[in-house]
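Have a look at the structure below, then the notes.
Residue numbers (the numbering used here): 29 to 244.
Listed below in structure tokens is the structure:
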């Protein structure tokens with residue numbers, strides 16, 4: 029049985045989920061390509077950060093809730109769980125590329141990887157930071173608590189947020205990358221449900237992406 033929420037609150041959550049889970053897919057897909065005309069590198073990133081500001085203002089001004097409602101809290105010693113979680117991301121992705129992909133006769137999207145590797149370091153740093161901050165805020169920090177509130181089910185919240193995060197990576201990387209995104213999404217979703225610490229998730233995500241895109 030779904031929780032008894034007011035119609036206004038249900039509408040707020042629905043709009044918030046449209047902004048976050050809908051926004052992440054639009055930003056990585058059609059809208060991202062359109063707004064990239066603002067600049068060959070920065071247009072896409074401007075769209076992401078603008079959407080983040082809108083979501084935060086929505087929480088504070090429309091929902092009238094503190095940022096703690098999306099689990100954005102002061103870091104504690106427990107936030108350091110981000111390090112082993114980040115290591116799990118770093119170790120797991122090469123295993124998928126070099127063991128799982130060949131087993132399934134799949135191939136990494138080397139063209140996309142080469143395109144990103146050819147961009148300046150400063151841009152890749154912005155990209156990795158944005159991915160960590162925005163994707164964790166949208167897919168974990170906002171989506172999971174709100175779907176739990178709306179449905180009363182933590183399992184539904186986990187499945188919907190994980191699926192949205194995974195599918196969002198399809199547009200630019202292709203079908204095989206869904207395995208990688210699904211693995212990363214599972215680690216990050218489990219971390220969030222366990223720790224309820226958005227900062228911890230952001231740091232873990234940054235470690236996972238940073239090793240591949242900044243040190244590679």
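Glycine included, C-beta positions come from ideal geometry on N, C-alpha and C.
Cα-Cα separation, residue i to residue j
i, j, result
"residue 97", "residue 176", "12 Å"
"residue 62", "residue 151", "Summary for residue 62: the model assigns pLDDT 43, below 50, so the residue's position carries little reliability, and this model does not support an answer."
"residue 45", "residue 90", "13 Å"
"residue 186", "residue 217", "7 Å"
"residue 84", "residue 174", "14 Å"
"residue 179", "residue 31", "6 Å"
"residue 228", "residue 166", "15 Å"
"residue 34", "residue 40", "10 Å"
"residue 94", "residue 195", "29 Å"
"residue 65", "residue 149", "Only weak support exists for where residue 65 lies, its pLDDT of 43 falling under 50; the value from the coordinates is given anyway. Cα to Cα, the separation comes out at about 21 Å."
"residue 43", "residue 128", "38 Å"
"residue 213", "residue 131", "22 Å"
"residue 123", "residue 159", "22 Å"
"residue 168", "residue 206", "18 Å"
"residue 77", "residue 70", "11 Å"
"residue 147", "residue 50", "27 Å"
"residue 239", "residue 143", "17 Å"
"residue 153", "residue 75", "16 Å"
"residue 38", "residue 86", "14 Å"
Nearest-angstrom beta carbon gap, residue j and residue i [assumed within contact, 8 Å]
i, j, result
"residue 73", "residue 155", "7 Å"
"residue 184", "residue 100", "Incorrect: roughly 22 Å between the Cβ atoms, too far for contact."
"residue 208", "residue 119", "Going by Cβ atoms, the distance from residue 208 to residue 119 rounds to 13 Å, so no, they are not a contact pair."
"residue 110", "residue 215", "At roughly 11 Å, the Cβ-Cβ gap does not stay under 8 Å, so residue 110 and residue 215 are not in contact."
Pair within 8 Å by beta-carbon distance, residue i and residue j
i, j, result
"residue 125", "residue 141", "no"
"residue 232", "residue 243", "no"
"residue 157", "residue 241", "no"
"residue 192", "residue 82", "no"
"residue 170", "residue 48", "yes"
"residue 267", "residue 164", "Lying before the first or after the last residue shown, residue 267 is absent from the chain, which here runs from 29 to 244."
"residue 117", "residue 210", "no"
"residue 161", "residue 80", "yes"
"residue 204", "residue 134", "yes"
"residue 145", "residue 172", "no"
"residue 182", "residue 221", "yes"
"residue 139", "residue 223", "no"
Element boundaries [alpha helix (DSSP H), containing residue i]
i, result
"residue 238", "226-242"
"residue 143", "138-145"
"residue 154", "149-158"
"residue 36", "35-45"
"residue 125", "Taken as a continuous stretch (DSSP letters only), residue 125 belongs to no alpha helix (DSSP H), as it is neither H nor E."
"residue 212", "205-223"
"residue 179", "171-179"
"residue 82", "70-85"
"residue 193", "182-196"
Within-8 Å CB hit, residue i to chain C
i, result
"residue 113", "Chain labels in this structure do not include chain C; a single protein chain is all it has."
Any non-hydrogen atom of the ligand MG closer than 7 Å to residue i Cβ
i, result
"residue 223", "This structure does not include the ligand MG; it has no bound ligands of any sort."
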